[in-house]
């Protein structure tokens, strides 16, 4: 798998994704330049979260590759992890820790020099600075979501992967979020997000995952035969070999 | 390495191997049992009970052999993501557990006339008992997940941890108690038991291995067919299931599509 | 090192705030040990004979009891996913969490052990060795247990499952741990046992973080 588009930074090609034993999407491709926002659309189960997890390197595509500057992300996952911030469905807010303490761990894992200042900045951007000393258990779900969003502002990075960032947010917070995303893009960051409400982000490219849905039956009919991933390796060798052993044995028998 | 990975290739190969495996198994077991039960001499101390050994010892070998095989399959599945390795590891576990249990049961039957008790906490029997626990743990883990693939992967990791642990357990149990007669077949400087006893042992071990191959092939086939059925169910033939792209009203899409 | 300390500090803080976990472990240990005299009778010499084994088995069970929680809450609230996406090696995270687990369960057990030894009428000659053996043995228990705790994430009946997976792997620690105390009670040198336990500890320290990290990646995949 070679990444052809060398002027773009973040690309994916020929992606097929399987969750459990179900085919989610096939032959998906995307590309993003610095400053781009990629909006993922699609029905429930179309694979928005799965694609974001592939992009984060959490799971591995069945076929195809995702590249950062022409380098397959799976070849150097630690470097990829250092350049991305991921927001999942869950907020990862511990009920017994204060908002500040919750964020402090992520600051220390990203080796942020002045972590208190970075946390203050992030909390301020999301309008929850006044909650800094509140325990997680007293937060409303929208406040928890904003705490989780504050996390992605801590530390330098080039790529945001946001899975339904607007869940639980009110209209004002959504506007805050859109502004934060545009700030990040202005600094050259790439944002990939999935959402089911309108987020007022300037000129996003949109990827409609429904276009890449392939009925599982069609996919099975392509004679993949439940084989996982190595048909590129020795397709010709396989067909040749598949015949010979049977022949040999029947000859002896 | 990946040549046999394709299930279709495996199935072809398996049906080619199958008659041979059956033939070898039946032949070696028949000859081995005849030699063991009729031809070989009774022990001058233990009498005819020594013949339990011809089942007991090969079963113990197979118990260990299957565990190592399972760990190798586990390593193949974790390192090369080999799809059949998972299935093979899963399919091996119950066979290995059965051989281990067989070894324990025959050991107990043999112990009664020899030591006058059904169970002794002897080092080798205890090791086999722990091996049985490891098998049971593996099988429990593999079946505890809703997604069978996730279960297999967790099981593979456990099998690898277990295989590192088996020698340590063996060593510590040996340290803990040694009551059993010293190992007598695989000893340095050649086997110490009579060839008339060694041959049936060897033949039955080969027969057990053949049996293992047969059951393994059957179980892998079964698993492949089950996967096929599940995939066909998911593909939603004849009904509209979530796996099928049905044009339907979708409020989410309507909202996002502005 | 800084990362290790950060993880450790956070987990310890969580344990302290949520409280009860270490106290429950010690309580479980004491209650389990107390059951044995009811089972085998109160004769002092019988109790003295089985004391080291009873204490070790109870400690094993107590350490295992809290294992399920090591990664479970982080797995459920999404923290684990983020930890595995952070640029730091997951092995280090595992090590930090295991250390926190040991400090909150292993250490209290070591302190409670001599108390139970007194109640079981163990000869005081064995106390020092018992504590030393537990000091070397319990970290190995936490390390081995972390593998099991990582493997069962997302499984049904995780709590029971972890015991089936982990207890057979605990046997060597039990054998040498109880053996050391037995030797000390008989007036023999226990150094050899302790050394082997040290070897087991080093081996698990070298391997367990990698195995557990691998299992965690499987869980969040």
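Residue numbers (this note's numbering), protein chains in the order written: chain A, 1 to 253; chain B, 1001 to 1258; chain C, 2001 to 2221. Glycine included, every Cβ here is placed at the ideal spot set by N, Cα and C.
{"query": "Exposure label - residue 2081 of chain C; buried when at least 16 CB within 10 Å", "result": "buried"}
{"query": "C-beta contact flag for residue 2149 of chain C and residue 2068 of chain C at 8 Å", "result": "yes"}
{"query": "Chain-ordered chain B contacts of residue 2214 of chain C [CB-CB under 8 Å]", "result": "1078, 1157"}
{"query": "Cβ-Cβ distance between residue 169 of chain A and residue 177 of chain A below 8 Å", "result": "yes"}
{"query": "Contact with chain B by residue 22 of chain A, beta-carbon distance below 8 Å", "result": "yes"}
{"query": "Pairwise C-alpha distance: residue 87 of chain A and residue 2138 of chain C", "result": "37 Å"}
{"query": "At least three beta-carbon pairs within less than 8 Å, the segment 1139-1158 of chain B to the segment 1208-1219 of chain B", "result": "no"}
{"query": "Proximal residues of chain A, C-beta to C-beta of residue 1149 of chain B below 8 Å", "result": "20, 21"}
{"query": "Residue 2221 of chain C (DSSP reduced to helix, strand or coil)", "result": "coil"}
{"query": "Where the alpha helix (DSSP H) through residue 1092 of chain B begins and ends", "result": "1083-1115"}
{"query": "Coarse secondary structure for residue 1196 of chain B, derived from DSSP in three states", "result": "helix"}
{"query": "Proximity of residue 166 of chain A and residue 197 of chain A at Cβ, strictly below 8 Å", "result": "yes"}
{"query": "Contact residues within the segment 2165-2190 of chain C, judged by C-beta distance below 8 Å to chain B", "result": "2165, 2167, 2168, 2169, 2171, 2172, 2175, 2176, 2179"}
{"query": "Beta-carbon proximity of residue 1067 of chain B to residue 1096 of chain B, cut-off 8 Å", "result": "yes"}
{"query": "Residues that residue 108 of chain A contacts on chain C, provided the C-beta gap is smaller than 8 Å", "result": "2002, 2003, 2006"}
{"query": "Proximal chain B residues relative to residue 2200 of chain C, where beta-carbon distance stays under 9 Å", "result": "1168, 1172"}
{"query": "Rounded straight-line distance, which links the Cα of residue 2121 of chain C to that of residue 2044 of chain C", "result": "6 Å"}
{"query": "Nearest neighbour of residue 964 of chain B, chosen from B:1115, B:1195, B:1108 [CA to CA]", "result": "A query on residue 964 of chain B cannot be resolved here, the shown segment of chain B reaching from 1001 to 1258 and no further."}
{"query": "Cβ contact check for the segment 2055-2063 of chain C and the segment 48-66 of chain A: 3 or more pairs under 8 Å", "result": "no"}
{"query": "Limits of the unbroken beta strand (DSSP E) element including residue 17 of chain A", "result": "10-19"}
{"query": "Beta-carbon contacts of residue 2090 of chain C that lie in its chain and below 8 Å, excluding the five residues immediately before and after", "result": "2083, 2084, 2213, 2216, 2217"}
{"query": "Rounded separation between residue 26 of chain A and residue 206 of chain A - CA only", "result": "17 Å"}
{"query": "Three-state class that DSSP yields for residue 1185 of chain B in the structure shown", "result": "Caution is warranted here: a pLDDT of 48 is assigned to residue 1185 of chain B, below 50, making its placement in the model unreliable, and the coordinate value is therefore given only provisionally. The answer is coil: DSSP assigns residue 1185 of chain B none of H, G, I, E or B."}
{"query": "Neighbouring residues, chain A, relative to residue 2014 of chain C (Cβ below 8 Å)", "result": "94, 96, 97"}
{"query": "Amino acids of chain C, ordered along the chain, whose beta-carbon sits closer than 8 Å to that of residue 1144 of chain B", "result": "2152, 2155, 2156, 2157, 2158, 2161"}
{"query": "Check whether residue 2184 of chain C and residue 1144 of chain B have beta carbons under 8 Å apart", "result": "no"}
{"query": "Neighbour-count burial assignment, residue 1121 of chain B, 16 or more Cβ in a 10 Å radius", "result": "exposed"}
{"query": "Per-residue DSSP class, three states only, for residue 194 of chain A", "result": "strand"}
{"query": "Within 8 Å, strictly: CB atoms of residue 1071 of chain B and residue 1163 of chain B", "result": "yes"}
{"query": "Residues sharing a beta bridge with residue 85 of chain A, DSSP", "result": "A:160"}
{"query": "For residue 66 of chain A, the three-state DSSP class (helix, strand or coil)", "result": "strand"}
{"query": "8 Å contact criterion, which residue 95 of chain A and residue 137 of chain A should meet: CB distance rounded", "result": "4 Å"}
{"query": "Residue span of the beta strand (DSSP E) that contains residue 24 of chain A, given as start and end", "result": "22-32"}
{"query": "Residue 81 of chain A and residue 2086 of chain C closer than 8 Å at C-beta", "result": "yes"}
{"query": "Listed by chain order, chain A residues near residue 2088 of chain C by CB distance under 8 Å", "result": "109"}
{"query": "Cutoff 8 Å: residue 2082 of chain C Cβ touching any chain A Cβ", "result": "yes"}
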